[in-house]
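Some notes on the structure that comes next.
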Amino acid sequence: VVIIGIIITGFLLAKKISGAILIGIVATTIIGIPFGVTIIPEGIKILSLPPSVKDIAFQFVGFEEIFSWEMLIVVFTFLFVDIFDTVGTLAGVSSKAGMLDENGKLPRVGKELMADAIGTVVGACLGTSTVTTYVESSAGVAEGGRTGLTSLATAGMFALALFFAPLFTMIPSAATAPALVIVGLFMMGPITKIDFTDYTEAIPAFLTIIMMPFAYSIADGIVFGMLSYVALKLLTGRTKEVSKVMWLLAVLFVLKFIFI
């Protein structure tokens, strides 16, 4: 069913049909019914009221230990993971949207990280799952999304979807998997800009790409790529190509692996 979904979504994308990924998910869900992949519960309700967050919102405990050494380690670990996970996602999505500058950098990364930080704080206060930047945003970019209006429209649709939760829970993972595969394909585009004749550039890039799925973390993939980049530049006598920030981060990550 997943392969069928990938083929359907790929065909729609090749034909430049708007909403190709969404149509692919719906089509795969329907195709999954006779295969027993999509399960339709008996007596399913289409509408339902979303659950209240009053039992989990602002339920903070353990503040007396917030300045302990153990808590500081936890906080800084999450900080590094969140920063590099977000930066990696922003770089990939911005590249797909053509929003990087001439040097391949994020021109407004400060504001983008601030928005991500505010979302993380609000999500934590409400007791929800992490509110952060998701690489699946590439699907919206592929459909033409470029401005904040896209995010507001998406948020509105999510709010509306809360009332149709029973209907959306029917969608199997086999229907959403093709969309994730296509998103992965979108993220592979910048590979063509890597200089594979320069091994001090190619090997770190390869390690970054391969370690993300192996470590199940965008942040860990970036860390492995960064450390290998600094090490190769150092061993080949090309230290001038490594920025001061890169040196600092490399030292911090080595210390992290040693002591945490």
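Quick note, the working numbering runs 368 ahead of the 1-based positions in the sequence shown.
Every residue gets a Cβ at the ideal spot worked out from N, C-alpha and C, and that includes glycine.
Going by the beta-carbon positions, is the gap between residue i and residue j smaller than 7 angstroms?
i, j, result
"valine 405", "proline 540", "yes"
"threonine 377", "alanine 543", "no"
"isoleucine 562", "alanine 573", "yes"
"leucine 530", "proline 418", "yes"
"glycine 491", "valine 503", "no"
"isoleucine 586", "glycine 456", "yes"
"serine 611", "alanine 533", "no"
"glutamate 433", "methionine 439", "yes"
Take the Cβ of residue i as the centre, count every other Cβ of all protein chains shown within 10 Å, and call the residue buried at 16 or more, exposed below.
i, result
"valine 509", "buried"
"leucine 380", "buried"
"threonine 454", "buried"
"phenylalanine 554", "buried"
"lysine 601", "buried"
"lysine 608", "exposed"
"glycine 460", "buried"
"isoleucine 375", "exposed"
"phenylalanine 582", "exposed"
"phenylalanine 526", "exposed"
Out of the options, which has the shortest C-alpha to C-alpha gap to residue i?
i, options, result
"methionine 579", "Thr565, Ser596, Thr454", "Ser596"
"glycine 387", "Leu440, Ser506, Pro402, Thr488", "Ser506"
"glutamate 410", "Val503, Ile371, Ala547, Met538", "Met538"
"glycine 472", "Ser462, Lys479, Glu480", "Ser462"
"glycine 373", "Ala382, Lys383, Ile391", "Ile391"
"valine 370", "Ile401, Lys383, Leu602", "Ile401"
"leucine 447", "Thr604, Tyr584, Leu481", "Leu481"
"isoleucine 424", "Lys479, Thr560, Gly495, Val394", "Gly495"
"arginine 606", "Thr560, Lys383, Glu569", "Glu569"
Just the C-alpha distance for residue i and residue j, rounded to the nearest angstrom, thanks.
i, j, result
"glycine 512", "isoleucine 385", "12 angstroms"
"proline 546", "leucine 520", "25 angstroms"
"glycine 466", "leucine 458", "12 angstroms"
"tyrosine 567", "glycine 593", "12 angstroms"
"alanine 485", "lysine 422", "23 angstroms"
"leucine 617", "valine 598", "10 angstroms"
"arginine 476", "alanine 523", "22 angstroms"
"isoleucine 577", "threonine 515", "28 angstroms"
"phenylalanine 428", "phenylalanine 435", "15 angstroms"
"leucine 575", "serine 420", "43 angstroms"
"phenylalanine 403", "aspartate 588", "37 angstroms"
"leucine 437", "isoleucine 393", "At residue 437 the sequence reads tryptophan, which differs from the leucine that was named. Rounded to whole angstroms, tryptophan 437 to isoleucine 393 spans 46 angstroms at the Cα level."
"leucine 474", "leucine 603", "29 angstroms"
"isoleucine 408", "tyrosine 584", "31 angstroms"
"glutamate 470", "valine 622", "31 angstroms"
"isoleucine 571", "isoleucine 626", "23 angstroms"
"leucine 517", "threonine 565", "41 angstroms"
"isoleucine 441", "leucine 620", "13 angstroms"
"leucine 548", "isoleucine 389", "9 angstroms"
"lysine 383", "glycine 430", "55 angstroms"
Got a sec: is the Cβ-Cβ distance from residue i to anything in chain C below 7 angstroms?
i, result
"glycine 404", "In the structure shown, chain C does not exist; there is a single protein chain."
Within its chain, find whatever has a CB closer than 8 angstroms to the CB of residue i; leave out the 5 residues flanking it on each side and keep chain order.
i, result
"leucine 535", "Ile412, Ile414"
"threonine 488", "Asp450, Thr498, Val499, Thr500"
"isoleucine 398", "Thr406"
"methionine 614", "Met594, Tyr597, Val598"
"alanine 483", "none"
Keeping to the same chain, check which residues put their C-beta closer than 6 angstroms to that of residue i; ignore five residues upstream and five downstream.
i, result
"leucine 468", "Ser462"
"proline 558", "Ser463"
Does the ligand MG have a heavy atom nearer than 6 angstroms to the CB of residue i?
i, result
"leucine 415", "By its list of ligands, the structure shown contains no ligand whatsoever, and the ligand MG lies outside what it can speak to."
Grab me the residues of residue i's own chain with a C-beta within less than 7 angstroms of its C-beta, minus the 5 sequence neighbours each way, in chain order.
i, result
"phenylalanine 426", "Cys493"
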